[in-house]
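Peer 1: Numbers 142 to 413, taken from our numbering, label the letters of the sequence shown in order.
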Amino acid sequence: MGSKSASVDIESGNYNTYEYSVKRSASRALGHADLEEYDVGVTVAACMERIRLDFLRKVYTVLAAQLGFTAVLSGAFMISGSLNQWVISASSWLIWVCFLGTLGALVGLFWARSRPKWSLPALSVFTFFEALSVAMICAIYAASGFGFIVFEACFLTALVFGGLTIYCWRSQRDFSFLGGFLGAALLVVLGAAVLNAVLGWMGHFSTTFSFVLSVVSALVFCGYILFDTSLIIHHLGPDDWSIACVSLYLDVLNLFLNLLQILTRIQASSDN
């Protein structure tokens with residue numbers, strides 16, 4: 142994660158949750174692989190069925206564990222009054238802890254490329270700091286009386302991710318051609334997010350611009366879900382399970398946070 146800053150003024154509609162600027166940088170941390178069962182460079186799609194099923198089972202099991210941990214930690218920060226108060230009071234320095242911790246975990250993921258047994262520990266540390274940053278945002282929403290929006294965004298994220306994943310698997314279409322477009326779109330979104338933050342710092346924050354940015358960002362990460370799922374189906378090798386987990390995990394978190402902003406803006410507009 143090339144990190145983000147969590148500044149949320151929900152009641153006034155001025156909210157700016159984390160933008161995940163390292164969306165594509167956590168790549169190729171090698172997983173456990175039996176090199177005697179497949180040729181190096183061969184994709185999962187070209188392997189025997191048992192290897193394909195083992196790979197898919199590992200990817201989606203780890204992804205489920207990542208998302209489950211994030212949900213549990215976020216729920217604890219939202220429900221527990223003491224945790225909620227602590228994370229809000231500590232948010233000024235906790236942001237930097239998450240930022241630096243995530244960067245360190247990314248370095249660990251690259252380091253683990255030649256040390257497969259360290260892939261899972263590095264991925265676990267990465268997940269912890271990502272989950273902590275999301276939990277902090279959810280705690281701020283809960284403290285502001287908007288906890289219900291978190292659950293709405295969670296439900297919509299699950300619906301969209303599930304729908305796009307099922308479509309990609311059933312259609313077997315290769316969406317890897319979207320890579321260049323999505324990369325360019327992500328850079329534009331990040332540039333616009335920085336511009337919006339600067340305008341906000343100068344006292345010219347635009348809720349309309351922020352809303353449009355959130356909508357565009359959500360669409361971009363819907364595209365990334367198709368793209369990354371397609372990579373799993375058609376292009377990744379049996380040792381690339383951690384790449385798949387990191388990519389899909391960040392896709393889901395980014396989609397969730399953008400839907401959170403969209404729903405917050407809609408709620409703020411309906412209250413006025």
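Glycine included, every Cβ here is placed at the ideal spot set by N, Cα and C.
It should be emphasised that the depicted structure is a prediction, and the values quoted were computed from it without experimental measurement.
(1) Quick one: grab the DSSP three-state call for M219.
(2) Which residues in the same chain as C363 place their Cβ atom closer than 8 Å to its Cβ, once the five residues preceding and following it in sequence are excluded?
(3) Just tell me which of S260, H375 and Q226 has its CA closest to the CA of C309.
(4) Tell me whether Q313 sits in a helix, a strand or coil according to DSSP, three-state version.
(5) Using C-beta distances below 7 Å, list every residue in its chain close to L323, excluding the 5 sequence neighbours before and after it, in chain order.
(6) For A253 and D380, I'd like the C-alpha separation in whole angstroms.
(7) State the Cα-Cα distance for the pair A385 and E271, rounded to the nearest angstrom.
(8) Among F318, S317 and G303, which one has its Cα closest to the Cα of R432?
(9) I need the straight-line Cα distance from S166 to L391, nearest angstrom please.
(10) Between L360 and chain B, is the shortest Cβ-Cβ distance under 8 Å, so that the two count as touching?
(11) Suppose the cutoff is 6 Å on Cβ atoms and the five residues either side in sequence are ignored; what does the same chain contact list for E177 look like?
(12) Any contact of the stretch 400-409 with the stretch 214-223, i.e. 3+ C-beta pairs under 8 Å?
(13) Looking only at its own chain, which residues have a Cβ that is under 6 Å from the Cβ of L297, when we skip the five neighbours before and after it?
(14) Using three-state DSSP, classify G344 as helix, strand or coil.
(15) Which first and last residues belong to the alpha helix (DSSP H) in which L264 is found?
(16) Quick one: grab the DSSP three-state call for C188.
(17) Which residue from S355, L261 and S371 puts its Cα closest to that of G320?
(18) Return the chain-ordered list of same chain residues with a C-beta closer than 7 Å to the C-beta of S411, the five sequence neighbours on each side being excluded.
(19) For the stretch 333-348 and the stretch 204-221, state whether three or more C-beta atom pairs, one from each stretch, are separated by less than 8 Å.
(20) In or out: G249 buried (at least 16 other Cβ within 10 Å) or exposed?
(21) Suppose contacts are defined by Cβ-Cβ distances below 8 Å. Is V387 in contact with F267 by that definition?
(22) Can you name, in chain order, every residue of its own chain whose Cβ lies under 7 Å from the Cβ of Y179, other than the five neighbours on each side?
(23) Would S351 and M277 be called neighbours here (beta carbons separated by less than 8 Å)?
(24) When burial is assigned at 16 or more other CB atoms within 10 Å of the CB, is I307 buried or exposed?
(25) For F322, which of helix, strand or coil comes out of DSSP?
(26) Can you tell me whether DSSP reads R193 as helix, strand or coil?
(27) So, A338 versus L354, is the Cβ gap smaller than 8 Å?
(28) Assuming the contact rule is C-beta atoms closer than 8 Å, S260 and S358 should be a hit. Round their C-beta distance to whole Å, please.
Peer 2: Quick answer:
(1) helix
(2) V301, L305 and L396
(3) H375
(4) coil
(5) V361, G364, Y365 and F368
(6) 12 Å
(7) 16 Å
(8) Outside the modelled stretch of the chain, which goes from 142 to 413, sits residue 432, for which no answer is possible.
(9) At S166 the pLDDT is 33, less than 50, meaning the model places this residue with poor confidence; the figure from the coordinates comes in the next sentence. Their backbone Cα atoms lie some 11 Å apart in a straight line.
(10) In summary, chain B is missing from the structure at hand, where a single protein chain is found.
(11) Note that E177 has pLDDT 34, beneath the 50 cutoff, so the model's placement of it is unreliable and no number is given.
(12) no
(13) L400
(14) coil
(15) S260 to A284
(16) coil
(17) S371
(18) none
(19) no
(20) buried
(21) yes
(22) With a pLDDT of only 39 at Y179, under the threshold of 50, the placement of this residue in the model should not be trusted, and no figure is reported.
(23) no
(24) exposed
(25) helix
(26) helix
(27) no
(28) Not really, about 29 Å apart at Cβ, beyond 8 Å.
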